[in-house]
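See below for the structure under consideration.
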Amino acid sequence: MGSTQAVAAVKRVLREAEYGKVKIGHGGTLDPLAEGVLPIALGEATKLAGRMLDASKVYEFTIAFGEETDTLDTEGEVVARSDRRPPIAAVAAILPHFTGAIEQVPPAFSALKVDGRRAYDRARAGEEVELAARAVTIHSLALANDRTAMPVDSAFATTTGRSDPYDPAAPLELADSITLVAHVSKGTYIRSLARDIARALGTVGHVTYLRRTKAGPFTESQAISLDLLNEIGKGARLEDHLLPLEAGLDGIPAHILDWTSAQAARQGRVVSGQALPVGLFLGVHAGVPVALMESDGSTAKVVRGFNLPDTAKKEDT
Numbered sequence: 146m147g148s149t150q151a152v153a154a155v156k157r158v159l160r161e162a163e164y165g166k167v168k169i170g171h172g173g174t175l176d177p178l179a180e181g182v183l184p185i186a187l188g189e190a191t192k193l194a195g196r197m198l199d200a201s202k203v204y205e206f207t208i209a210f211g212e213e214t215d216t217l218d219t220e221g222e223v224v225a226r227s228d229r230r231p232p233i234a235a236v237a238a239i240l241p242h243f244t245g246a247i248e249q250v251p252p253a254f255s256a257l258k259v260d261g262r263r264a265y266d267r268a269r270a271g272e273e274v275e276l277a278a279r280a281v282t283i284h285s286l287a288l289a290n291d292r293t294a295m296p297v298d299s300a301f302a303t304t305t306g307r308s309d310p311y312d313p314a315a316p317l318e319l320a321d322s323i324t325l326v327a328h329v330s331k332g333t334y335i336r337s338l339a340r341d342i343a344r345a346l347g348t349v350g351h352v353t354y355l356r357r358t359k360a361g362p363f364t365e366s367q368a369i370s371l372d373l374l375n376e377i378g379k380g381a382r383l384e385d386h387l388l389p390l391e392a393g394l395d396g397i398p399a400h401i402l403d404w405t406s407a408q409a410a411r412q413g414r415v416v417s418g419q420a421l422p423v424g425l426f427l428g429v430h431a432g433v434p435v436a437l438m439e440s441d442g443s444t445a446k447v448v449r450g451f452n453l454p455d456t457a458k459k460e461d462t
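The numbering of the sequence shown is the numbering used here, which starts it at 146 and goes up by one.
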């Protein structure tokens with residue numbers, strides 16, 4: 146299931162549960178092969194969808210060596226083969242070279258537009274797709290499970306056993322596949338990262354497993370399954386599974402606005418006349434998010450306003 150189908154599933158469930166027409170958005174496209182965390186925003190929270198798209202992501206993925214496909218995953222046709230398998234020690238050593246600010250060429254089968262058409266539409270039509278390299282950031286890249294002292298047998302599938310790749314006395318073991326965890330910036334293509342790692346190791350490869358374990362502030366532990374989503378359509382309480390709007394603003398401080406300032410912010414006017422934090426903050430009144438605001442310490446302007454009910458009266462605050 147892709148992101149668009151997931152949004153459609155949520156719309157269907159809310160319709161079945163008679164919640165009426167609800168605006169829905171998602172916080173980050175997933176490849177058809179991929180599984181894992183997909184933030185879904187409802188109502189006023191859709192105003193934060195852009196922030197979610199811009200957030201960093203964490204992926205766990207497996208590279209199988211020996212074949213490269215046109216889609217760079219298992220969905221495509223094989224376009225290159227190699228009998229070479231990289232030594233396990235070489236795999237471990239190459240990872241720092243793909244950490245930090247790097248340039249990568251997106252896959253031809255991607256949603257990027259080329260002269261007004263999606264790259265994957267052109268690729269499926271048999272056209273040659275030339276995409277420019279783009280700058281991305283790999284915040285961290287490590288062997289799966291333990292980031293520092295990973296047991297070899299859970300990170301590698303090898304051709305002749307699983308000895309310690311860091312022991313110079315051990316036989317030179319060759320990896321058929323490798324499972325990695327990457328924390329990446331927006332715009333990073335894991336399929337391209339896998340392709341480039343394989344090529345740097347003197348072979349070719351493609352992604353056989355891809356799971357997003359974190360999207361912005363949202364982790365797998367906060368996610369619900371599609372089965373549980375369907376239960377909502379049959380009468381289970383949606384409210385029991387909703388996160389507050391503030392969950393999409395993890396790391397941004399909240400600041401309590403007085404009644405006058407809250408009214409000004411709701412009307413999109415500049416707020417002043419009270420002590421304000423410097424930088425980006427969430428303006429709150431009577432426990433209700435009013436607006437995402439930017440301040441120089443003396444005045445604050447509205448970056449994004451939220452139309453949420455606030456029953457507090459001036460004399461009550």
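Ideal Cβ positions, reconstructed from N, Cα and C, are used throughout, including at glycine.
Check the DSSP bridge columns for residue i and list the partner residues they point to.
i, result
"S440", "G424 and A445"
"D218", "V352"
"I185", "H171"
"G195", "DSSP output for G195 lists no bridge partner at all."
"K258", "R263"
"E180", "R356"
How many Å lie between residue i and residue j at the Cα?
i, j, result
"S250", "S440", "Per the sequence presented here, residue 250 reads as Val, with Ser not at that position. Approximately 38 Å, taken between the alpha carbons."
"G442", "Q408", "19 Å"
"T293", "E163", "Residue placement at T293 is flagged as unreliable, the pLDDT there being 40, under the threshold of 50; the coordinate-derived value follows with that caveat. When rounded, the distance between both Cα atoms is 49 Å."
"G170", "L187", "7 Å"
"T191", "L198", "11 Å"
"R479", "L317", "As shown, the chain starts at 146 and ends at 462. That puts residue 479 outside it, with no answer to give."
"R157", "L319", "48 Å"
"L437", "R414", "13 Å"
"K202", "A360", "5 Å"
"V416", "K446", "6 Å"
"P398", "G428", "9 Å"
"A246", "I239", "15 Å"
"G396", "A200", "12 Å"
"R262", "A270", "11 Å"
"L388", "A154", "18 Å"
"I369", "H386", "8 Å"
"L390", "L383", "15 Å"
"W179", "G350", "In the sequence under discussion, the amino acid at residue 179 is Ala, which differs from the Trp named in the question. So the two alpha carbons sit approximately 17 Å from each other."
"H430", "D455", "8 Å"
"A168", "L257", "This sequence places Lys at residue 168; Ala is not what is there. C-alpha separation (whole angstroms): 25 Å."
"A467", "L217", "Nothing can be reported for residue 467: it is not among the residues displayed for the chain, which extend from 146 to 462."
"G424", "L159", "37 Å"
"T348", "L276", "22 Å"
"T174", "T324", "22 Å"
"E205", "A410", "41 Å"
Could you give the residue range of the beta strand (DSSP E) that holds residue i?
i, result
"S227", "No beta strand (DSSP E) contains S227, which DSSP labels as neither H nor E."
"I401", "A399 to I401"
"G350", "G350 to A360"
"E248", "G245 to Q249"
"T405", "Careful: T405 lies outside any beta strand (DSSP E), inside the alpha helix (DSSP H) at W404 to R411."
"E320", "The sequence given here has Ala at residue 320, not Glu. Start and end: A320 to V329."
"I208", "K202 to F210"
Could you please give the first and the last residue of the uninterrupted alpha helix (DSSP H) stretch that includes residue i?
i, result
"V281", "No alpha helix (DSSP H) holds V281; the beta strand (DSSP E) holding it covers R279 to L288."
"D266", "A264 to R269"
"K140", "With the chain running from 146 to 462 in the structure shown, residue 140 is simply not present."
"V236", "I233 to I239"
"I342", "I335 to A345"
"D372", "L371 to G378"
Examine the Cβ distances between the stretch 375-387 and the stretch 395-405 and report whether three or more of them are shorter than 8 Å. The answer is no - the stretch 395-405 does not touch the stretch 375-387, with fewer than three Cβ pairs under 8 Å.
Answer yes if the stretch 220-233 comes into contact with the stretch 362-371, meaning at least three C-beta pairs across the two stretches below 8 Å, and no otherwise. Judged by pairs of C-beta atoms under 8 Å, the stretch 362-371 does not touch the stretch 220-233, as fewer than three such pairs exist.
For the stretch 325-334 against the stretch 266-284, do three or more pairs of beta-carbon atoms, one drawn from each stretch, fall closer than 8 Å, so that the two count as touching? At 8 Å Cβ cutoff, the stretches touch.
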